[in-house]
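To start, the structure itself, in structure tokens.
There are 2 protein chains.
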Amino acid sequence: MVGQRLPVPRLEGVSQEHFMQDLYPQRKPLVLEGIDLGTCTSKWTVDYLSQAGGRKEVKIHVAAVAQMDFISKNFVYRTLPFDKFVQRAAEEKHKEFFISEDEKYYLRSLGEDPRKVMDNILIQVTGKKRIVLFSPRDAQYLYLSGTKSEVLDIDNPDLVKYPLFSKARRYECSLKAGDVLFIPALWFHNVISEEFGVGVNVFWKHLPSECYDKTDTYGNKDPTAASRAAQILDRALKTLAELPEEYRDFYARRMVLHIQDKAYSRNFE
Amino acid sequence: MVGQRLPVPRLEGVSQEHFMQDLYPQRKPLVLEGIDLGTCTSKWTVDYLSQAGGRKEVKIHVAAVAQMDFISKNFVYRTLPFDKFVQRAAEEKHKEFFISEDEKYYLRSLGEDPRKVMDNILIQVTGKKRIVLFSPRDAQYLYLSGTKSEVLDIDNPDLVKYPLFSKARRYECSLKAGDVLFIPALWFHNVISEEFGVGVNVFWKHLPSECYDKTDTYGNKDPTAASRAAQILDRALKTLAELPEEYRDFYARRMVLHIQDKAYSRNFE
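Residue numbers (our numbering), protein chains in the order written: chain Y, -14 to 254; chain D, -14 to 254.
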């Protein structure tokens, strides 16, 4: 049993105005083709990057497989000079390696690590990626652990352990050099690099600035109203815990029905 | 598509000790047969009740059908002297009537109206009833409006309007004179009288006295911890309402997952 598979729509030659007025407000992922990205798509070769980036040491993720995950943490952190890293990452087989001769490398960011609370554009400068996205509306099928899904192998999921995962709608796209993917805030995404490449992520705030946690320099915390609501809910659950199990269970179910009635959207899928 | 149907277990000759030690703690409905109820099962005839009850006026429910419901309120309130009411209620066809010659009568209680927050024993003194019960664990399939189900016609439910109702497990029993039904607190019940009869309900507090609302003379309010939790939840939802719809929806879903994780029972069905 496999869930619904949907392609991420691809649009060519979209103007900034058309994107901002018509597409952005729809809050759905979208691949934009033929955007003018300047010369980087041809210029950022392995040689160019090695030269331009220099020998500054960078901390990289090293894993035996292309599918790195941040729940089981199937990777190790290692340090390499930037030029060395680029050369190693572009090799099929490694003569020098940390784990194995076909280990994979990932340099997450030259800066810090912003996450899915903000809107995001992923610019695929060189190389190929396969990206699978899941809607925030399907959160209940994704077996979240914090903000991440416990279903690590999305191509071959353990449906005995994660039966509801088959209900999650899977949006998929392949990015080639020059493609730009819009990922709306809150969408889950799963990325596999199919060859060596460089992607540039640009994150920005969709909500008014005051909605975000001011102590959150890197944009990975929930909006303040969401954090406060979660704290208040914990107080409600603490109160409910005064009751014996069967009553707690029943009134918890009533609370769920109330939340579904009051706070779930009816307007979109 | 019809949901699972289960008989309510029937047990004969259960001692008070056996009930209290072994059966009561299971928190499941149960029909007890052969309990010594004294002489009432044979003595409480129409004539006896008319005489013993006298002419005091009582407020009764009058409906065209046996299936009265308290959501659409398909009944009217009328007043009759008690003896007159008993005689009319025992007739198949009425010469004197309010609505129609086969209208049904229901005298809810000589006192007040306690509800399902307390444990309940229904003693069927005379007549027959069919009773259908639903577990509080199936609340999400019952389309609750307050504490009552919107699914009025449980024998012929509108599954287009109430599709989840087919998932509710239906516990059913028939009570004849002398049978005693234990209805644990929070269980939903639907009663049809199949002939004129008298039932006596006895309610009692299952939880420690301090769990109940002290202003609640008639025992129909939720335990205080449940009411407080619901109030606190409303504050959480008010906070969440500060966010735009898509964020509110997502974080509401996260709250639901949190409640299910923290407060739902895993120990029983």
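Beta carbons: idealized from backbone N, C-alpha and C, even for Gly.
In this structure, DSSP gives L222(D) a helical state, which the three-state scheme calls helix. Within the region 155 to 188 of chain D, the residues whose Cβ lies closer than 7 Å to some Cβ of chain Y are L171, listed in chain order.
For S159(D), the enclosing beta strand (DSSP E) has its first and last residue at 155 to 160. By the Cβ neighbour-count rule, L166(Y) is buried, with 16 or more other Cβ atoms within 10 Å of its own.
Only residues of its own chain outside the window of five on either side were considered, and among them V117, I139 have a CB closer than 6 Å to the CB of N175(D), listed in chain order. Taking 8 Å as the cut-off between beta carbons, the residues of the region 126 to 138 of chain Y near chain D are L129, in sequence order. Sequence-distant partners of W172(D) (beyond 5 residues in either direction) whose C-beta falls short of 8 Å from its own C-beta, in its chain, are P14, K101, L118, F119, S120, P121. Boundaries cannot be given for V102(Y), as no beta strand (DSSP E) includes it and DSSP labels it neither H nor E.
Residues of the region 107 to 125 of chain D with a C-beta less than 8 Å from any C-beta of chain Y: P121, R122, A124, Q125, listed in chain order. The criterion of a C-beta distance shorter than 7 Å is not satisfied by I45(Y) and L107(Y). In the DSSP assignment, A170(Y) falls outside any beta strand (DSSP E) and carries neither an H nor an E. As DSSP reads the structure, Y90(D) sits in a beta bridge with V47(D). DSSP places G38(D) in the uninterrupted alpha helix (DSSP H) bounded by 31 to 38. For I177(Y), the secondary structure class from DSSP, reduced to helix, strand or coil, is strand. Between the C-alpha atoms of A48(D) and R239(D) there is a straight-line separation of about 45 Å. Per DSSP, Y62(Y) is one residue of the beta strand (DSSP E) stretching across 60 to 66. Excluding the 5 residues flanking it on each side, F67(Y) has same chain C-beta neighbours closer than 7 Å at G38, G39, R40, K41, V43, in chain order. Taken through DSSP and simplified to helix, strand or coil, V16(D) comes out as strand.
One alpha carbon belongs to L22(Y), the other to Q109(Y), and they sit about 10 Å apart.
Three or more beta-carbon pairs separated by less than 8 Å link the region -12 to -2 of chain D to the region 152 to 169 of chain D, which places the two stretches in contact.
Here P169(Y) is buried: its Cβ has 16 or more other Cβ atoms, across all protein chains shown, within 10 Å. For I45(Y), no Cβ of chain D is located within less than 7 Å of the residue's own Cβ. By the C-beta criterion, the region 220 to 227 of chain Y is judged to be in contact with the region 212 to 222 of chain D, since at least 3 inter-stretch pairs fall below 8 Å. For R(-5)(D), the secondary structure class from DSSP, reduced to helix, strand or coil, is strand.
Taken atom to atom, the span from the alpha-carbon of K114(D) to that of Q245(Y) is near 36 Å.
Its Cα nearest to that of G19(D), the residue D164(D) stands out among D164(D), F188(D), G182(D).
V241(Y) sits buried, since 16 or more C-beta atoms from the chains shown fall within 10 Å of its C-beta.
Sequence-ordered contacts of the region 227 to 252 of chain Y with chain D read E227, L228, P229, E230, E231, Y232, R233, D234, F235, Y236, A237, R238, R239, M240, V241, L242, H243, I244, Q245, K247, A248, Y249, S250, N252 [C-beta pairs closer than 9 Å].
Comparing C-alpha distances from G184(D) to each of V50(D), G112(D), Y90(D) shows the shortest one belongs to G112(D).
Taking a Cβ-Cβ cut-off of 7 Å, the neighbours of I217(Y) in chain D comprise I217, R220, A221, T224, given in sequence order. The C-beta of A153(D) comes no closer than 7 Å to any C-beta of chain Y. Annotation for I116(D): the continuous beta strand (DSSP E) segment containing it runs 114 to 119. Each residue's CA atom was taken as its position, placing Q1(D) and R12(D) some 16 Å apart. Close CB contacts of Q36(D) within its chain, under the 8 Å cut and outside five residues either way in sequence, are with D68 (chain order).
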